[in-house]
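Numbering (the UniProt record's numbering), first residue to last: 1 to 621.
Cβ coordinates follow ideal geometry from the N, Cα and C atoms, glycine included.
Taking it in order: structure first as structure tokens, then the write-up.
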Amino acid sequence: MTYRLQTLGRLRLLNEAGREVAFPEKGLLILCLAIANGYREQSRADMAKLLWDEVEPSQAYVNLRKTISRIAARQTELGRTFLTFSQSSILLNPGTLTSDLDAVTDESGDAVACFCRIAMALRDDFLKDVRSHGKALDAWVNRQRETQMSRLRESLLAAAPAAAGKHRELLKSAAMRLLERSPSDEDVRKVLKSALESEGRHHDAQLIFDSVSQSVPIVRQPSAPVEVLVRDDPHQKKPPRLVLLPPNADRIHDAAAIFASSLIEDVTIGLCALRSVSVIAPYTAAQIGLQADKANTYERHTISYILDTRLTDEGGRQNLFAQLIFFASDEVIWADRFNLIGDGLMQSRRGIAHRIASAIASQVERNEAARDAYERNGDSYRSFLLGQRYLKHLNLPEVRRARKSFREALSGQRDFAPAMSGLARSYFVEWLLTARGDRELLMLAEQHAREAVAADETLASGYRELGVVKLYLREFDESAEFHDRAEELSPHYANVIASYADTLVQASRPGEGLQKIGAAIDLNPIAPDEYFWTAAGASYSLGQYEQALAYIDRMRDRTPADRLSAASWGMLGDRRKARQFVRKTLEVHPDFDLDRWMAIVPFREEWQKEHYREGLMKAGF
Numbered sequence: 001m002t003y004r005l006q007t008l009g010r011l012r013l014l015n016e017a018g019r020e021v022a023f024p025e026k027g028l029l030i031l032c033l034a035i036a037n038g039y040r041e042q043s044r045a046d047m048a049k050l051l052w053d054e055v056e057p058s059q060a061y062v063n064l065r066k067t068i069s070r071i072a073a074r075q076t077e078l079g080r081t082f083l084t085f086s087q088s089s090i091l092l093n094p095g096t097l098t099s100d101l102d103a104v105t106d107e108s109g110d111a112v113a114c115f116c117r118i119a120m121a122l123r124d125d126f127l128k129d130v131r132s133h134g135k136a137l138d139a140w141v142n143r144q145r146e147t148q149m150s151r152l153r154e155s156l157l158a159a160a161p162a163a164a165g166k167h168r169e170l171l172k173s174a175a176m177r178l179l180e181r182s183p184s185d186e187d188v189r190k191v192l193k194s195a196l197e198s199e200g201r202h203h204d205a206q207l208i209f210d211s212v213s214q215s216v217p218i219v220r221q222p223s224a225p226v227e228v229l230v231r232d233d234p235h236q237k238k239p240p241r242l243v244l245l246p247p248n249a250d251r252i253h254d255a256a257a258i259f260a261s262s263l264i265e266d267v268t269i270g271l272c273a274l275r276s277v278s279v280i281a282p283y284t285a286a287q288i289g290l291q292a293d294k295a296n297t298y299e300r301h302t303i304s305y306i307l308d309t310r311l312t313d314e315g316g317r318q319n320l321f322a323q324l325i326f327f328a329s330d331e332v333i334w335a336d337r338f339n340l341i342g343d344g345l346m347q348s349r350r351g352i353a354h355r356i357a358s359a360i361a362s363q364v365e366r367n368e369a370a371r372d373a374y375e376r377n378g379d380s381y382r383s384f385l386l387g388q389r390y391l392k393h394l395n396l397p398e399v400r401r402a403r404k405s406f407r408e409a410l411s412g413q414r415d416f417a418p419a420m421s422g423l424a425r426s427y428f429v430e431w432l433l434t435a436r437g438d439r440e441l442l443m444l445a446e447q448h449a450r451e452a453v454a455a456d457e458t459l460a461s462g463y464r465e466l467g468v469v470k471l472y473l474r475e476f477d478e479s480a481e482f483h484d485r486a487e488e489l490s491p492h493y494a495n496v497i498a499s500y501a502d503t504l505v506q507a508s509r510p511g512e513g514l515q516k517i518g519a520a521i522d523l524n525p526i527a528p529d530e531y532f533w534t535a536a537g538a539s540y541s542l543g544q545y546e547q548a549l550a551y552i553d554r555m556r557d558r559t560p561a562d563r564l565s566a567a568s569w570g571m572l573g574d575r576r577k578a579r580q581f582v583r584k585t586l587e588v589h590p591d592f593d594l595d596r597w598m599a600i601v602p603f604r605e606e607w608q609k610e611h612y613r614e615g616l617m618k619a620g621f
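Here's what the structure looks like:
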């Protein structure tokens, strides 16, 4: 048996037993290039230019020679000679290697067999996880993907009449994958609709297609594959990409999980009717849902919107919670909860699917101006995303990295309001972490927040940052007003709700604050540390010290909450544990002074301030 090169999904080399074997990454790419180009002999000069197009040609040749040396050494270790090298060329030896691309190029068999072979192979993108090696190689990869999708489309249309019975699921999956790349392809849309009707789901499909298509104004375009449209009009605006993540059903009854999965499929199919959005196919969506670093995954796949769903069991009542997230601002722009209990559950599926699909369609349309503003300058947008990522960590080095990224975003797009808002946030968080009461930091935060509001008065985060600054300047009523405005603009934006909760806690309304931070955590369950810090502060003010400590335990970095931990243990009467957190606080802030700190803490009413002072004193401060 021969070795096998896997190119669809993760690039890797497999031995006769199907186990992955180590091989130089550039070597795998050379193998891939040779196979995709029809096993032809490759010029060394062309290979060097393709793999290292962003360096000087002389350096590219040096890099290629080093790579060839590593490949030769590894082939000797394996006892295999996949590639042979001359002074001017590289040749793949016939018969030494097979590839999953063989299934895509093989034209044997009837139309149905050919379609099934291609559709099964092309469930994953070509070289999906290979990092960028330069513009030339990236362009080559994109051309290969376009060719493969054209091959899938041809085989789908040829096989559709005969494959609609036994291979209906594969037909639907392939159609949705094609519509992900080309929402305007009417021929593929007809195949998908026909497949649904053959399942006896004519009314379901027609209702979703008709209602969703009517919910957004659509400009009809002639049927054509996406690659033709792009070539004809290189400046054509691509529709935003949407992924619907399937719910996590680990602890939910099977019936609810089956229903929820079916429901998400219904919604995905319905959204395929839209020409204004590109919907990620369910197979890819399921893979994305398993990724640990979802933010990088969304960025890599240029995803603008995420429908996050999860099943919850609340007092015996099973619910599906769905929220639509705008990735650029990490903002929840729509959320709802659906009860999955009742005799008419399956009959209600159509109605629930229609509600979710219609909400997504209308919210995406409404938000498109915001997407344009974020994506107008790619470099600025990437710098902004980096800044957002750094700000999720409550420590000074990361906060200052975030500030640098926001400044870089503004250097490329001076009126980019989200980056101004991010700058404001960075100064406030530094003020909070340093605990010195540095008024200048708050003034800088206010300045940038006002600039953000002036640049875009519809931006909720600008008002949020003004609300935060006003809170710590002890202007409680103004803080509430700014937070009211932010929440009015984005009623499901978890970060806005969390900041409002903090204002309520500091304004001596901890019960309302705890309720609101609970709503923010519900919207954003894998929440940043500041959410749990706020919840802990509210719990402490309500005398719920063990609950306060439980919230602190949910923080990834608990250091900023060491004072609150000390006070909680102090009020619980555990002096030994309280002293541990006193020592930790003094290690970070050796000049910490209780009276100076209490002068900074912006509690509105004296009882709350004295309650906190009491805990800190009992802890040993």
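Look at Tyr305 here: in three-state DSSP terms it is strand. A buried status is given to Asp185, since no fewer than 16 other beta-carbon atoms sit within 10 Å of its beta-carbon.
When the beta-carbon positions are compared, Leu127 and Val141 come within less than 8 Å of each other. Assignment of Thr284 by DSSP, reduced to helix, strand and coil, places it in the helix class.
Burial of Ile118 is indicated by the presence of at least 16 other C-beta atoms within 10 angstroms of its C-beta.
A residue is called buried when at least 16 other Cβ atoms come within 10 angstroms of its Cβ; Asn367 meets this threshold and is buried.
When the five nearest sequence neighbours on each side are left out, the beta carbons in the same chain lying within less than 8 Å of the beta carbon of Leu391 are those of Glu398, Val399, Ala402, Gly422, Arg425, Ser426 and Val429, in order along the chain. If you look at Trp569, you'll find it in the alpha helix (DSSP H) that goes Asp562 to Leu572. DSSP places Ile90 in the strand class (E or B) of the three-state scheme.
DSSP, reduced to helix, strand and coil, places Ser182 outside both helices and strands of the structure shown, so it counts as coil. Residues of the same chain with a CB within less than 7 Å of the CB of Leu386, apart from the 5 flanking positions on each side, are Ser405 in chain order.
A direct Cα-to-Cα measurement between Glu146 and Leu33 gives close to 15 Å. Boundaries for Glu54: no beta strand (DSSP E) harbours it, and the DSSP string shows neither H nor E there. According to DSSP, Ser99 shares a beta bridge with Leu5. Val588 sits exposed, since fewer than 16 C-beta atoms from the chains shown fall within 10 Å of its C-beta.
According to DSSP, Ile325 shares a beta bridge with Ile306 and Val332. A straight line joining the alpha-carbon of Arg151 with that of Ala353 spans about 32 Å.
In this structure, the alpha-carbon of His393 lies about 26 Å from that of Ala322. In this structure, the alpha-carbon of Ala22 lies about 24 Å from that of Ala103. When the beta-carbon positions are compared, Pro602 and Arg464 stay at least 8 Å from each other. Counted as a single uninterrupted DSSP element, the alpha helix (DSSP H) harbouring Phe532 occupies residues Asp529 to Ser541. Across the structure, Met598 and Trp334 are spaced so that their CA atoms are roughly 39 Å apart. In terms of Cβ geometry, Ala520 and Tyr531 form a close pair [threshold 8 Å].
Of the other Cβ atoms in all chains shown, 16 or more fall within 10 Å of the Cβ of Met149; this residue is therefore buried. Less than 8 Å separates the beta-carbon of Ala111 from that of Ala159.
Between the alpha carbons of Ser362 and Val332 lies a gap of roughly 14 Å.
Spanning the alpha carbons of Ala567 and Lys609 requires a straight line of approximately 12 Å. Residue pairing by DSSP places Asp313 opposite Gln318 in a beta bridge. It is roughly 45 Å from the alpha-carbon of Thr297 to the alpha-carbon of Arg596. Shortest Cα-Cα distance from Leu14 to any of Arg44, Lys26 and Leu78 involves Leu78.
For Trp52, the closest C-alpha among the options Leu64, Ser182, Tyr305 and Thr7 is that of Leu64.
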